[in-house]
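Participant: Below is the structure I would like to discuss, written out as structure tokens.
Residue numbers (our numbering): 5 to 247.
Rendered as structure tokens:
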């Protein structure tokens with residue numbers, strides 16, 4: 005869910021607050037039988053939603069910091085792997101090993117082994133191809149692990165550049181695993197909190213949005229569709245969706 009959507013959700017809480025205050029202004033004329041439409045229930049529902057929104061807002065920065073650290077660390081891999089491939093050739097590793105190193109580096113860089121040929125006829129349906137880039141974070145970790153195994157098996161792989169050494173590559177691998185784990189550790193509670201907040205907002209009949217729409221219908225029932233009271237509450241926008 006984008007941060008723009010998060011902002012929109014915060015707006016709904018403000019709209020619900022406004023709706024409550026408008027209904028308070030109706031005085032004793034606003035006296036619904038259903039408990040969930042009564043002012044006290046509306047205020048309690050608003051506070052519950054606000055607390056849930058706050059919990060999500062607190063969890064988002066934790067996730068974003070972890071995600072930023074992961075992106076920064078994983079961004080080091082592709083250029084470093086390219087240099088490993090280059091130095092492996094300079095150090096004279098066996099051709100068969102170089103072939104495998106190139107294959108791993110190609111996957112790290114998200115490149116295809118072979119160029120996809122265009123469709124033979126302009127109107128023919130293009131062939132379906134497997135996704136070109138094996139660049140998911142878990143896959144990138146596995147690619148680096150394989151690259152390390154390849155160069156570590158070769159006694160001739162002794163680069164003068166310290167950041168290309170097997171030990172340095174292993175350090176990067178551990179750091180990538182750590183940052184990836186940190187993101188997952190932050191993502192799970194954030195996802196759970198979002199799901200709970202969305203339930204409070206969008207659950208059929210019991211969610212805040214459906215409650216707001218029911219309040220509008222009640223105001224229309226007591227004052228009429230063309231009344232200024234109904235027009236006042238009807239201009240307060242709510243949009244429902246499936247949780």
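Just so you know, even glycine gets a beta-carbon here, dropped at the ideal spot from N, CA and C.
Kindly indicate which residue of 182, 231, 222 and 240 has the alpha-carbon position closest to the one of residue 36.
Facilitator: For residue 36, the nearest C-alpha among the options comes from 222.
Participant: Using three-state DSSP, classify residue 284 as helix, strand or coil.
Facilitator: No answer is possible for residue 284: the residues shown for the chain start at 5 and end at 247.
Participant: Starting from residue 39, trace the alpha helix (DSSP H) in both directions and tell me its first and last residue.
Facilitator: Premise fails: residue 39 is in no alpha helix (DSSP H) and is neither H nor E.
Participant: Report the residue from 229, 184, 94 and 216 whose alpha carbon sits nearest the alpha carbon of residue 68.
Facilitator: Out of 229, 184, 94 and 216, 184 has the C-alpha closest to the C-alpha of residue 68.
Participant: Hey, how far is the Cα of residue 113 from the Cα of residue 82?
Facilitator: For residue 113 and residue 82, the distance between alpha carbons rounds to 6 Å.
Participant: By alpha-carbon positions, which one of 71, 16, 62 and 47 ends up nearest to residue 186?
Facilitator: Taking only the C-alpha atoms, the option nearest residue 186 is 71.
Participant: Taking its Cβ as the centre, do 16 or more other Cβ atoms sit within 10 Å of residue 285, making it buried, or is it exposed?
Facilitator: Past the boundaries of the shown model lies residue 285; the chain is included only from 5 to 247, so the question cannot be answered.
Participant: Do residue 201 and residue 60 have their beta-carbon atoms positioned less than 7 Å apart in this structure?
Facilitator: Contact: yes.
Participant: Are the CB atoms of residue 45 and residue 39 within a distance shorter than 7 Å?
Facilitator: Cβ atoms of residue 39 and residue 45: closer than 7 Å.
Participant: Starting from residue 153, trace the alpha helix (DSSP H) in both directions and tell me its first and last residue.
Facilitator: Looking at the DSSP string, the run of the alpha helix (DSSP H) that includes residue 153 is 141-156.
Participant: For the alpha helix (DSSP H) holding residue 230, just list the boundary residues, first then last.
Facilitator: Per DSSP, residue 230 belongs to no alpha helix (DSSP H) and is neither H nor E.
Participant: What first and last residue would you give for the alpha helix (DSSP H) that runs through residue 87?
Facilitator: Start and end: 81-94.
Participant: Taking the straight line between their C-alpha atoms, what separation do you get for residue 77 and residue 165?
Facilitator: If you take the alpha carbons of residue 77 and residue 165, they lie about 19 Å apart.
Participant: Using beta-carbon positions only, say whether residue 84 and residue 160 come within less than 7 Å of one another.
Facilitator: It is not a contact, given that the beta carbons lie outside the stated cut-off.
Participant: Residue 206 to residue 146, Cα distance in whole Å?
Facilitator: If I take the Cα positions, the gap works out to 40 Å.
Participant: Classify residue 74 as buried or exposed, calling it buried when 16 or more other Cβ atoms lie within 10 Å of its own Cβ.
Facilitator: So residue 74 counts as buried.
Participant: Taking the alpha carbon of residue 106 as the point to measure from, which residue in 152, 141, 64 and 62 has its own alpha carbon closest?
Facilitator: Cα-wise, what sits closest to residue 106 is 152.
Participant: So which of 49, 28, 32 and 42 has the shortest CA-CA distance to residue 213?
Facilitator: That would be 49, whose Cα lies nearest to the Cα of residue 213.
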